[in-house]
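At position 77 of the sequence shown the residue is numbered 1139 (our numbering), and the sequence of numbers has no breaks. All C-beta atoms, glycine included, are put in the ideal place defined by N, C-alpha and C. Just so we're clear, the structure is a prediction, and the values are computed from it rather than from any experiment. Structure, as structure tokens:
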Amino acid sequence: MGIYKKIREALVLVLVLSVYATVNGGNAQESSTTLVPAVISFGDSGVDVGNNNYLPTPFKANFLPYGKDFINHQPTGRFSNGKLAVDFTAEILGFKAYAPAYLSPQASGKNLLIGANFASAGSGFDENAVVSNHAIPLSQQLKYFKKYKTKLAKIAGTKKAASIVNDSLYILSAGTADFIQSYYFNASLRKAYTPQQYSNYLVGVFSSFVKELYGLGGRRIGVTSLPPLGCLPAAKTLFGFHEKGCYSRFNNDAQVFNEKLNSSAVNLKKQLPGLKIVVFDIFNPIYDAVKSPSKYGFVEARRGCCTSKKSIEKTSVLCNPKLGGTCSNSSQYVFWDSVHPSEAANQVVSEAMLLQGIALI
Ligand SMILES: *[C@@H]1O[C@H](CO)[C@@H](O)[C@H](O)[C@H]1NC(C)=O
Ligand SMILES: *[C@@H]1O[C@H](CO)[C@@H](O)[C@H](O)[C@H]1NC(C)=O
Ligand SMILES: *[C@@H]1O[C@H](CO)[C@@H](O)[C@H](O)[C@H]1NC(C)=O
Ligand SMILES: *[C@@H]1O[C@H](CO)[C@@H](O)[C@H](O)[C@H]1NC(C)=O
């Protein structure tokens, strides 16, 4: 894609101008120059690269057809047919390998020099909901991050580890499961909170998370907004709405949340000296792809490529080839399963993220 190349060129220019030549301490896999020393991810299935494979949770993507278009056509735990948006981001930043899932055996030794991934599908800001999903709560993800820092200091030395922690790109993806797997299903939660109030609560947790991460040394933080929840195939198939197009009430909820997230990020920037923080707007790129699919080469924007006829609440199955079936060409689909974008859509999202995220690097 042309724009993709242009972004890469722009970033390389930034790199050259700033003479930011971080070479990752002789790590054989990563001897080339990268725009940040490491990428560290927290949150949900938007960025989970396999932590849930090691957990007793129903939210797993370690079976085909997940990963069918990934390296070696292997499922990894990523909730996509191929790469996630963060995988594309890492590539553009110059990485030749992806930061390992923290719970995986690969998360050791020099592999940790390029970062680590703490994310867990089904996780989110509302810790009660996360616990009932048997996913890793954000508070626990931060505890793992502390352990990671200790390991990093042993591998890289104290001084180098401190500069890696200081200069790394931190990515947080959360909020979708809070709404799609919890709020909309949970009558007592809906009774206790309006969507606005629930958003206030979630964004409060977000703010505490960022403060804690800042306290642990994080300085360049990118957080993804909510996607257009009402356009996810799940909104239609699982909640039984018969509206044509996207379900506007869910989209409104997402936008209310996103506005609150934006103002919270602005406040955090004022409060925390040296913090660079960006909200990646993934709502609009996905919404645009759903509304104008042909612009991006998509043919199907409503159904996921891989579907399941069962409710995500009862079975947690978002894609089950035996129950639903898999489309023949996932590049023509905006959505891979009933919640997650296809690799092709993730590439569109990552381009938008990079344009918005230049301030972080
Ligand atoms: C951390 O990074 C900032 C720039 O983002 C720099 O000004 C500061 O000196 C760095 N601190 C350490 C300890 O590396
Ligand atoms: C619904 O939400 C309430 C209030 O947060 C919580 O106590 C309860 O466990 C939730 N129910 C389910 C099934 O997750
Ligand atoms: C949040 O801010 C970004 C950039 O600053 C903007 O593109 C986006 O539209 C904003 N979102 C909302 C919901 O205000
Ligand atoms: C899949 O669809 C994409 C986008 O429409 C197209 O470029 C590609 O050639 C298709 N691949 C196959 C094998 O048909």
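Residue i versus residue j - alpha carbon distance
i, j, result
"residue 1274", "residue 1291", "28 Å"
"residue 1332", "residue 1209", "29 Å"
"residue 1397", "residue 1204", "30 Å"
"residue 1395", "residue 1328", "35 Å"
"residue 1222", "residue 1189", "34 Å"
"residue 1250", "residue 1104", "28 Å"
"residue 1182", "residue 1401", "15 Å"
"residue 1294", "residue 1347", "13 Å"
"residue 1113", "residue 1192", "14 Å"
"residue 1239", "residue 1263", "14 Å"
"residue 1122", "residue 1281", "31 Å"
"residue 1358", "residue 1276", "37 Å"
"residue 1091", "residue 1157", "In this prediction, residue 1091 scores a pLDDT of 44, lower than 50, which makes its location untrustworthy; the coordinate-derived value is nonetheless stated afterwards. Between residue 1091 and residue 1157, the C-alpha separation is close to 9 Å."
"residue 1390", "residue 1409", "19 Å"
"residue 1115", "residue 1124", "6 Å"
"residue 1211", "residue 1268", "21 Å"
"residue 1101", "residue 1423", "12 Å"
"residue 1272", "residue 1266", "10 Å"
"residue 1196", "residue 1236", "15 Å"
"residue 1143", "residue 1309", "25 Å"
"residue 1298", "residue 1382", "17 Å"
"residue 1368", "residue 1225", "42 Å"
"residue 1311", "residue 1098", "39 Å"
"residue 1279", "residue 1199", "20 Å"
"residue 1145", "residue 1129", "8 Å"
"residue 1366", "residue 1218", "43 Å"
Environment of residue i [buried if 16+ CB atoms lie within 10 Å]
i, result
"residue 1220", "exposed"
"residue 1109", "buried"
"residue 1141", "buried"
"residue 1096", "buried"
"residue 1421", "exposed"
"residue 1187", "buried"
"residue 1361", "exposed"
"residue 1307", "exposed"
"residue 1419", "buried"
"residue 1392", "buried"
"residue 1403", "buried"
"residue 1316", "buried"
"residue 1353", "exposed"
"residue 1425", "This structure cannot settle anything about residue 1425, because the visible part of the chain is limited to 1063 through 1423."
"residue 1325", "exposed"
"residue 1254", "exposed"
"residue 1127", "buried"
Please determine if the stretch 1143-1152 and the stretch 1214-1229 are in contact, where contact requires at least 3 C-beta pairs separated by less than 8 Å.
no
As an exercise, report each continuous beta strand (DSSP E) stretch of at least 3 residues that is fully enclosed by the stretch 1280-1347, in chain order.
1282-1286 and 1338-1342
Under 7 Å from any heavy atom of ligand 2, by CB: list those residues in chain order, please.
1190, 1191, 1194, 1244, 1248, 1250, 1251 and 1254
With three or more C-beta pairs closer than 8 Å as the rule, is the stretch 1333-1345 touching the stretch 1259-1268?
The stretch 1259-1268, when compared against the stretch 1333-1345, does not touch it at the 8 Å Cβ threshold.
For the stretch 1281-1291 and the stretch 1313-1326, state whether three or more C-beta atom pairs, one from each stretch, are separated by less than 8 Å.
Taking a contact to require three or more Cβ pairs closer than 8 Å, the stretch 1281-1291 and the stretch 1313-1326 qualify as touching.
The stretch 1236-1248 / the stretch 1160-1173 touching (three or more Cβ pairs under 8 Å):
Judged by Cβ distances under 8 Å, the stretch 1236-1248 makes no contact with the stretch 1160-1173, as fewer than three pairs qualify.
Could you tell me which uninterrupted alpha helix (DSSP H) segments, each at least 4 residues in length, are contained entirely in the stretch 1162-1243, listed from first to last along the chain?
1189-1194, 1200-1218 and 1220-1229
Could you tell me whether the stretch 1132-1147 touches the stretch 1169-1176, using the rule of 3 or more Cβ pairs below 8 Å?
no
Which residues have their C-beta within less than 6 Å of a heavy atom of ligand 4, listed in chain order?
1359, 1391, 1393 and 1394
Pocket of ligand 1 defined by Cβ to heavy atom distance under 5 Å:
1225 and 1228
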